[in-house]
Each structure stands twice: as structure tokens, then as C-alpha cells.
Amino acid sequence: MDKKNLTVEQANELIEQYVSKLESEALPLKESMELYTKICELIEFSMTELNGYQGKITEVNERLAQLGAENWKDAAELEGADFYEE
106 MDKKNLTVEQ ANELIEQYVS KLESEALPLK ESMELYTKIC ELIEFSMTEL NGYQGKITEV
166 NERLAQLGAE NWKDAAELEG ADFYEE
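Take the sequence shown: its letters are residues 106 to 191, numbered as in the numbering used here.
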């Protein structure tokens with residue numbers, strides 16, 4: 106299975122197809138195990154991809170939080186306001 110151009114959405118569709126096939130057909134054990142293996146590989150791929158995005162989202166959120174805190178502090182200093190210091 107070529108995962109180079111596979112998206113998480115495509116992997117999810119394949120998982121659903123394979124699970125449906127397992128549930129609806131009386132498959133030989135060997136074919137059932139092959140489908141199960143493919144499902145596990147797709148789940149692993151999806152989890153790896155999603156974990157990568159989670160790390161990126163966390164990084165962006167931290168940068169935004171830092172930027173926001175700096176902007177509030179700068180604005181308070183420029184205005185001479187005392188609301189920033191509590």
C-alpha cells in the first residue's frame with residue numbers, strides 16, 4: 106500500500122470499506138487477516154499524521170499566545186494604562 110500520496114481522509118475511507126467487507130462477507134481466514142493488517146496499518150498512518158498536526162497546532166497556539174501577551178503588554182505600556190499589571 107502506497108501511503109506517500111494518501112491523505113487521512115482517504116485512509117479513513119479505506120478503513121470503512123475494509124471494515125464493511127469484514128462485517129458483511131464470509132471471508133477466508135487468510136483474507137480476513139490481510140484486511141485486518143491493512144486496517145491496522147491505515148490506523149497507524151492516520152494516528153501518525155494526526156499527531157504531527159497536533160504538534161503543529163500546539164506550536165502555532167503557543168506562538169499566538171506569546172504574540173498576544175506581548176501585544177497586550179506593548180499596548181498597556183504605550184497607553185500608560187495600569188490594567189495590564191494586576
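Idealized CB from N, CA, C, for every residue including glycine.
At the C-beta level, Ile144 and Val165 stay beyond 8 Å of one another. Ala116 counts as buried, since no fewer than 16 other beta carbons sit within 10 angstroms of its beta carbon.
The Cβ atoms of Leu155 and Ile120 lie no closer than 8 Å to each other. Straight-line measurement puts the Cα of Arg168 at about 15 Å from the Cα of Tyr158. Sequence-distant partners of Leu132 (beyond 5 residues in either direction) whose C-beta falls short of 8 Å from its own C-beta, in its chain, are Lys126, Leu140.
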